[in-house]
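> Here you go, one structure.
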Amino acid sequence: MATTEHPTHQPASLSLYFITFGMLMLLTILTIFAGFQNFGMWSTPIALGIAAVKAALVVVIFMHGYSSSPLIWIIILASMFFLTIMLGLMLSDYVSRGWLL
Amino acid sequence: MATVGLESKTFEKFPDIVGRDDDVNYLNHEHSVASWLITLDHKRIGLLYLVTITLMFLLGGALAGAIRLELLTPKGDFLAADTYNKAFTAHGIIMLFFFLIPSIPAVLGNFVLPLMIGAKDVAFPRLNLLSYYLYFAGSVIALTALLLGGVDTGWTFYTPFSSTYSNSYVVVMASGLFVVGFSSILTGLNFIITVHRMRCPGLTWFRLPLFIWAIYATSVVQLLGTPVIAVTLGLLGVERVLGVGIFDPRLGGDPILFQHLFWFYSHPAVYIMILPSLGVTSEVIATFSRKNVFGYHIIAFSSIAIAVFGFIVWAHHMFTTGMSPYAAMVFSLLTFSVAIPSGIKVFSWLATMYGGSISFDTPMIYAFGFLGLFTIGGLTGLFLSTLGTDIHLHDTYFIVAHFHYIMVGGAIMGYMAGIHFWWPKMTGRLYSEFWGKLSAGITFIGFNFTFFPQFILGYLGMPRRYYEYPDEFQVLNVFSTAGASILAIGYLMPLFYMIHSFFFGEKASSNPYGGSTLDWTNTTSPPSPHNFEKTPVVTEEPYHFHGKEAAVVSH
Amino acid sequence: MSAIKETEQDHGQHHHHKDLAHHFDTLEQQHDANTLGMWAFLLTEVLFFGGLFAAYTIYRYKYSAVFEEASNHLDIKLGAINTVILILSSLTMALAVRCSQTGSSLWTGRWLLITIGFGLMFLGVKYFEWKHDYHIHLMPGKDWSGKDWWHWQYAKQAKEMEAHSKGAEHSYPDRNTVPPDNDPKFGVKGIQESQQARLFFLLYFCMTSLHALHMLVGFVLIGIIAYFAYQGAYSPEYYSPVENIGLYWHFVDIVWIFLFPLLYLLGAHMGH
Amino acid sequence: MFEEFKWLPEQASTVAPEVDMLTLFIVVVTVLITALVGVLTLAFAVAFRRKSESYIPAPSFGNVPLEIGWTLIPVLICLVMFSWGVKVYSNIVIPPADAMEIYGVGRQWMWKIQHPEGQREINALHVPIGRPVKVTLTSEDVIHCFSIPAFRVKQDVVPGRYSSLWFQPTKPGTYHLFCSEYCGTEHSRMIGKVIVMEEADYQKWLSEGAESGQALQGRKLYTKLQCVTCHTGNAEAKAPNLEGIYRKHIPISHIDGVKIKDGTKVFADDAYIRESILYPNAKVAAGWESIMPTYQGLVTEEELLQVIAYIKSLNQGQTPPRTEETPTPATIQNKSANKEAN
Ligand code: HEA
Ligand code: HEA
Ligand code: CUA
Ligand SMILES: [Cu+2]
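Protein chains in written order, with the working numbering: chain V, 17 to 117; chain X, 726 to 1280; chain L, 612 to 883; chain A, 2 to 343.
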C-alpha cells in the first residue's frame, strides 16, 4: 500500500549530534549534583525528571524521533502509557492499604 | 450431499477462480520434508502450528480426562494427591500456553491474515519460522518438565509455594513458558507490522475484515503483556535457583507482588485467547448471513477497547488476598468496563443476522454455540467482578465453570468454527457437513453437561484444586464427569472426518461459502505458493455481497 | 472488498533490487516495515524491563529508608563513569547510522566497532564493580547473607549508642565475628533490614545484569552488521539494519539513564 | 449420594442473606440477558433462514438508538451491580467494633485456632451464635485461604502479615471450613469444621476445654523474652510503658529510620504491636531511642499471638516485676474490661 508516513532520510547535521551529546553530559552532571542535595520527597521526582529529559533527547535526536512517523510516536507514547498503568495501579494497592480500619 | 449446496454458494459477483488440475499450490509445489520444516511460507507455518497445537490439545484433554475421573468419587481413589495436583497444573499450562494462546493467531492468523490483506507473506517470514521453533522448543522444555516429574504449583505459580515450598520442576517449566512467551511476542509483532505495512492497494483500515482487527488487537496485547510474565517467571527462577527472597516473606519479599505481576500479564492474556474467536465469529456470521456486519466500525473499535481495558483490571483475581479494599473497589469498577464492548459485539452480531439469509453450515453451527456459551461465560464474569459475590465465589468451582465457559465454550467453539470455515481454503477439500454438524451438536450438549453443574458446585462452596471433596458434592461431579465423556467424543470426531477429508474429501471450489474477503475471492483453494497471481486492488468495504446491480431478489 | 480488478504493476514487471525481499513491493515499504518492527520490539522491551521496575518501585516504596542507605554502598564514581561511557557509545552509534545514510560504508563499520569498544569498556567497569560487590557480599552467591550490612549498620549504631548511654552494659562483638543469623542483639537495625538491603542489591543485580545481557546481544549484532558494512552491504537506499541496531543500542542507553539515578544516587544525599 | 444433595448452601451468617440477595439479582439479570440472546439467535436463525440461493439480503446500516441502547443499558446494569457489590463487600470486610477475637494460624496442612480464653483447637472452630466474631489470621508457610461457604466469607492467609475476617453466625450447626487457596499436596485435606453453638453451650465448651489462658502464656513470655527489662512500666524505664496502649493512638517520630512530621500518630492495633516486636524501628514511638531488638526468628507465630494477647490485656499498673519467675494466675484472672475503658 502507499505509505503515507515517510521518514525523511535526510541525515541530521553532525553538530546536532555533538550538541546533544554535550547536553547529555551536562544533564548527567546535574543529576549527580542533584543526587547529593537533600530535596526530601522531591529527590526522586527530580532524578526521574532529569532522566526523562535525557531519555527524550536520545529518542528525539539519536533515534531520529524528530523525523519519525506519527505511528512511531504512538508506539513511544503507548510504551510510556502502559508502563505508567502498571506502576500506578500496582502502587495504588500498596499506598491505600492502610486507609481502612 | 451437502457439497452440492456448497458449490452453488458462489455468487456471480465472486466468480470461481478455477485452476487447472495440474496447478501448483502451496501444498504440492514442493514435497521434501525440509520444504515443510524450514518453510518460510506463512501458510505452511500455519499448518505446522495446526499439527503441534492439536497434539498439545489432545494431551491437555487427556489430562482433563484424568481430572474428571478422579473427581467421580469423593475419595481420592484414582490418582494420588500429588499426581492430581500435577495433572491439573499440567492441564492448565498446556491448554493455555501451548494450545489456546497460539490456537487462532498462530494457526488461522498465520494462514489467512496475509491472504485477507492481499499480501504475499507476513512482513518477516524468517521471524515467523523462528516463532514456530521457539514455540516448539518451549513445548519440548515443558514436556521435559512433565516427564521429569511434573510441576505441582497450579498454572498460577503463586509464591511462596512455587518459590520455596514446591519440590517439583518449577524452574524447568518456567523456562519453557519463558521461551514460548517469546514465540507469542514475535508472532504478535509480525502481525502488527504486516497489518500496518503489507495491505494491498485500496485496502484502508476500515476496509479490513473484522478478523484482522481482532488479530491486530490480540497482537497488541501479546506485545505489551507477555514480556511482563517473562520477567516475572525469570524472577521466580532466580529466587528458586539462588535461594533469595524476592517473593518469599521470610526473606523480606512480598508474595502479593508476585500476584500483581503475574496477573498483569495473565488477565490480558485471557483476551489473547478470546479476541481472535470474536474475530472469527464476525467473519462467519457475516458470510453465512450474507450480510455486512452491523456496526462494523464499532465492532472494530470494541476489539481495541477490550485489548486496552484488559490491562487495567488485573487485580480482580486478588480481591481476597488482603489487598487494599479501596484498590479492590477501583479494580472492580474497571473490570466492568470490559463487559460493555463485549456486549456491543454480541448485540451487533444479532443485528447482523436480522434480515439476513442464514444458512446452517458447520461453521455457523459452531458460531451459534459460541454466541450462547460466550454470553454465559462472560455474564458469569460479572458475578466475579462484583465484590460482594466474588468473596464467596473466589477459588471455587464457579470460577472453573466461568473460565471453561469462556475458553472452551467460547474460544474453542470459535476456533472450531474458524477451522471448519477455512478448511476448504487450507486443504482444497470439503469435509462432511453431516459429521461436522453432528460433532458441533455433541460438543455443545456435552459441554453444558460438563460445566453447568460446576456453577452450582461453586455456589455450594466446593473449592477448586481439590482431589477429595465432601460427599454432598458428588451428584454434580458425576454429572460433570459424564458430560466430559460426551465432550471428548465431540472433540475427537473432527479429528477423524477432517483427516479423512484431507485425503479423500471432495475438491473445494475457490469460494465454497460465498465469502466476500480477499482470501475467498482472489485465491484458489488451496492458494498458490505466492497467494495471488496479481496483487489485488480493493475498492469497497468488506462484506458487500451485492453486485453492482444490487440483485435484491425477493422471494 | 471485492470488485476484483487487479493491478498491472505487480512484481513481475518491476526491476528487482538486490536487497528487496520477494514479499515486499518496494524498498520504501521494506524499510518502513523494518523500522516499525524494531520500534514495536522496543515497546516489548520497555515492558520487559518494566516488570523489574515495578518490583523496584514497590519495594522502594515499602522499604525506602533501607533502600536509600543500601544504595550508598554502590560506587557512584563507577556508575557515573559508566554513564559517560554509555552515552559516548550512543553518540558513536548515532554517527555510524549517519555514515550509513550518507553512504560511507567504511566509516559505518569503524564507528560500529568503536561503539563495541565503548560497550566493552562499560562491561569492563561493570565487571570490576560486580567483583567488588561480590567480595563485600552484596551480590547473591556464596556467603551472601547480608552480614556485612549488619556490621556496617552495627558500627554506625555502636557509635551513636556510645554517645547516648555512657558505657552501659552494651557489649558488642567486634566486627570480625560473624553474628548468628537471628541474634537479637543485632536487631536494632536488624534482620529485616538486612533482608531489605539484600532485596535492594538483588534488584540491582537483576536489573544491571539484564541490562548487561542486552549489551552482550548487542555486541553480536553490531559485530555482524559491522562486518557487512565493511563488505559494503549498505547504501543510502538500504541501511535499515544499521538503523535498527542503532535504535536497539540507544534503547539500552536509555535504560541505563534511568538505572543510574535509581540505583546509585538515591541515597547520595545522606553521605557515606 | 442423592440424600445429601442440596441446591443452595446453608445460610448461616448475617451477611449470607445479603450475598444471596445480590447473587439472586445478578442471576435474574444475567438469565434474562442470556435468554434474550438465545431466543433472538434461534428466532433469527429460523425466521431468516436461507430460502433461496440467489437471494441477497439488503445490507444493514447502523441504528443509532439501538446502539446507544445496548451500550447504555449494560452500563447502568453494571453500575448497579458494582455499587450493590461494594455495599455488601463493606459489610463483609469491616468488622463491628465489639467483635470477639479469635486467632488462627494456617500451615501445611492444618488450621490452628486459639480462643482469647486460651482454648486451642485444630481444624475446628467453635463459636457462639449471635455474636460477631473476628478471626485474625496468619500463616507459617505458604498462602492459605480461610473460607466458610455457609457464612459467605473468605480470606487469604498470607505469611508475614495479619489478615482478618469476621462473621456473625445466625444458625446453630456444623459447617465446612475449607482452605481454598492451593497450598500443596494435601490442600484438599486442609479442611475443618465450624461449630456454631448456643451461647450457653459455648460457655460450657469453653470451661471444659479450659487450658491456660492465651494472655497467661503471653505473660510468661513477656518475662522470658526479657521484654520486661525495658518495658518496666515505671519511671526509669528505657522503653515506653505498654500498659493500656492497645487501640490507642500513639505518637511516633520515625518511620523506617526516617524522621517524620511531629505529632504523627499510629493506631496501636494487633498489626502495630506485631510490627513493633518484629521490626521495632519500622515505627519508633516519639521520645524514645530505637534500641529495641527485633524478635524475628525468636518467637513463633503462636507465641507472638500470645504476647500480643497479653499486651492487649495489660492494664494500668499491671506490669510484672522484673524478677518475677512465674506469674500468679490471680493477676491474670481478674481481667478487667480494659477494652471498654478505651
Ligand atoms: C478467555 C478467557 C477469559 C475471558 C474472555 C474472561 C472474561 C471475563 N472474566 Fe474471567 N477468568 C478467566 C478467563 C477469562 N475471563 C480465567 C482463566 C479465570 C481464572 C484464573 C484462575 O484463577 O485460574 C478467570 C477469572 C475471573 C475473575 C477472578 C475470579 C476469582 O478468582 O475470584 C474475574 C473477576 O472479576 C473474572 C471476570 C471476567 C469478566 C468480567 C470478563 C469479561 O471480559 C466478560 C465480558 C463478556 C460479557 C459480559 C458477555 C457479553 C455481554 C453481553 C451479552 C451484554 C450484556 C452485559 C452486561 C449487562 C454488562 N474472571
Ligand atoms: C483452553 C483451556 C482449557 C480447556 C480446553 C480445558 C478443557 C477441559 N477442562 Fe480444564 N482447566 C483449564 C483450562 C482448560 N480446560 C485451566 C486453566 C484450569 C485451571 C488449572 C489450575 O487450577 O491450575 C483448568 C482446570 C480444570 C478443572 C479443575 C481442576 C481443579 O481445580 O481441581 C477441571 C475439572 O473438571 C477441568 C476439566 C476440563 C474438561 C473436562 C475439559 C474438556 O473440555 C476437555 C475435552 C477434551 C478432551 C476430553 C480431549 C479428548 C481427547 C482424548 C481423551 C484423547 C486421549 C489422548 C490421546 C490419544 C493422546 N479443567
Ligand atoms: Cu492451605 Cu490450601
Ligand atoms: Cu481476569
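Positions of the beta carbon are idealized from the N, C-alpha and C atoms, including for glycine.
1. Just to check, is the beta-carbon of Ile1286/X closer than 6 Å to a non-hydrogen atom of ligand 2?
2. If you compare alpha carbons, which of Gly1068/X, Ser1082/X, Ser888/X is closest to Arg51/A?
3. Using a Cβ cut-off of 7 Å (strictly closer), state whether Leu725/X contacts chain L.
4. Strictly under 7 Å for the Cβ-Cβ distance: is Pro27/V near chain L by that measure?
5. Alpha carbon to alpha carbon, how far is Tyr1156/X from Phe1227/X? Give it in angstroms, no decimals.
6. Determine the burial state of Ala1275/X: buried for a count of at least 16 other Cβ atoms within 10 Å of its Cβ, exposed for fewer.
7. Is it buried or exposed for Thr929/X, if we count other Cβ within 10 angstroms and need 16 for buried?
8. What is the rounded straight-line gap between the Cα of Ala59/A and the Cα of His1269/X?
9. Below 6 Å, is the gap between the Cβ of Gly1068/X and the nearest heavy atom of ligand 1?
10. Counting only C-beta atoms, is Ala676/L closer than 7 Å to chain A at any point?
11. Run the proximity test for Val1133/X: is its beta-carbon closer than 6 Å to any non-hydrogen atom belonging to ligand 2?
12. At which residues does the alpha helix (DSSP H) containing Met41/V begin and terminate?
13. By the 10 Å Cβ neighbour count, where 16 or more other Cβ atoms means buried, how is Tyr857/X classified, buried or exposed?
14. Hey, out of Ala286/A, Ile103/A, Ser61/A, Leu9/A, whose CA is closest to Lys266/A's CA?
15. Could you tell me which chain A residues have their CB closer than 7 Å to the CB of Lys1016/X, listed as they occur along the chain?
16. Once DSSP output is grouped into helix, strand and coil, what is the label at Pro795/L?
17. Return helix, strand or coil for Lys1232/X, following the three-state DSSP convention.
18. To the nearest angstrom, how far is it from the Cα of Glu290/A to the Cα of Lys737/L?
19. Helix, strand or coil: which one does DSSP assign to Arg1190/X?
20. Examine chain L for any beta-carbon lying closer than 7 Å to the beta-carbon of Val159/A, and answer yes or no.
21. For His188/A, verify whether its CB is less than 6 Å away from any heavy atom of ligand 3.
22. To be precise: take each residue of the segment 1025 to 1046 of chain X, compare its Cβ to all Cβ atoms of chain V, and keep it if any distance is under 7 Å. Which residues remain?
23. Name the residues in the segment 1053 to 1068 of chain X whose C-beta lies less than 8 Å from a C-beta of chain A; which are they?
24. Just grab the DSSP bridge partners of Gln156/A for me.
25. Residues of chain X with CB closer than 9 Å to the CB of Arg809/L, please, in chain order.
26. Buried or exposed: Met57/V, going by 16 or more other Cβ atoms within 10 Å of its Cβ?
27. Out of Tyr845/L, Asp686/L, Tyr838/L, which one is the CA nearest neighbour of Leu874/L?
28. Under a CB-based cut-off of 7 Å, is Met41/V close to chain X?
29. Provide the residue(s) that pair with Phe268/A in DSSP beta bridges, ordered along the chain.
30. Counting only Cβ pairs nearer than 8 Å, list the residues of chain V close to Ile868/L.
31. What is the rounded straight-line gap between the Cα of Asp748/X and the Cα of Thr1121/X?
32. Classify Ala1209/X: buried if its beta carbon has 16 or more other beta carbons within 10 angstroms, exposed otherwise.
33. Compute every distance between the C-beta of Ile940/X and the non-hydrogen atoms of ligand 1, then say whether any falls below 6 Å.
34. Would you mind sorting Ala338/A into buried or exposed? The rule is 16 or more other CB atoms within 10 Å of its CB.
35. Going along the chain, which residues of its own chain have a beta-carbon closer than 8 Å to the beta-carbon of Thr35/A, five neighbours each way excluded?
36. Leaving out the 5 sequence neighbours to the left and right, which residues in its chain are closer than 7 Å to Phe1174/X when beta-carbon positions are compared?
With the structure as the only source:
1. This structure leaves residue 1286/X out entirely; chain X is present only between 726 and 1280.
2. Ser1082/X
3. Chain X is shown only over 726 to 1280; residue 725/X falls outside these bounds and no answer can be derived.
4. yes
5. 8 Å
6. Residue placement at Ala1275/X is poorly supported in this model, since its pLDDT is 41, which falls under 50; the coordinates are not used for a value here.
7. exposed
8. 10 Å
9. yes
10. yes
11. yes
12. 30 to 52
13. buried
14. Ala286/A
15. Pro58, Pro60, Ser61
16. Residue placement at Pro795/L cannot be trusted, given a pLDDT of 47 that sits under 50; what the coordinates show is reported in the next sentence. Three-state DSSP puts Pro795/L in a helix.
17. strand
18. 40 Å
19. coil
20. no
21. yes
22. Phe1036, Ile1037, Ala1040
23. Ala1053, Met1054, Ser1057, Leu1058, Phe1061, Ala1064, Ile1065, Gly1068
24. Phe147/A
25. Val969, Gly970, Leu976, Gly977
26. exposed
27. Asp686/L
28. no
29. His250/A
30. Ala67, Lys70, Ala71, Val74
31. 56 Å
32. buried
33. no
34. Annotation note: pLDDT 31 at Ala338/A (below 50); position unreliable, no value reported.
35. none
36. Phe1204, Ala1207, Gly1208, Ile1211
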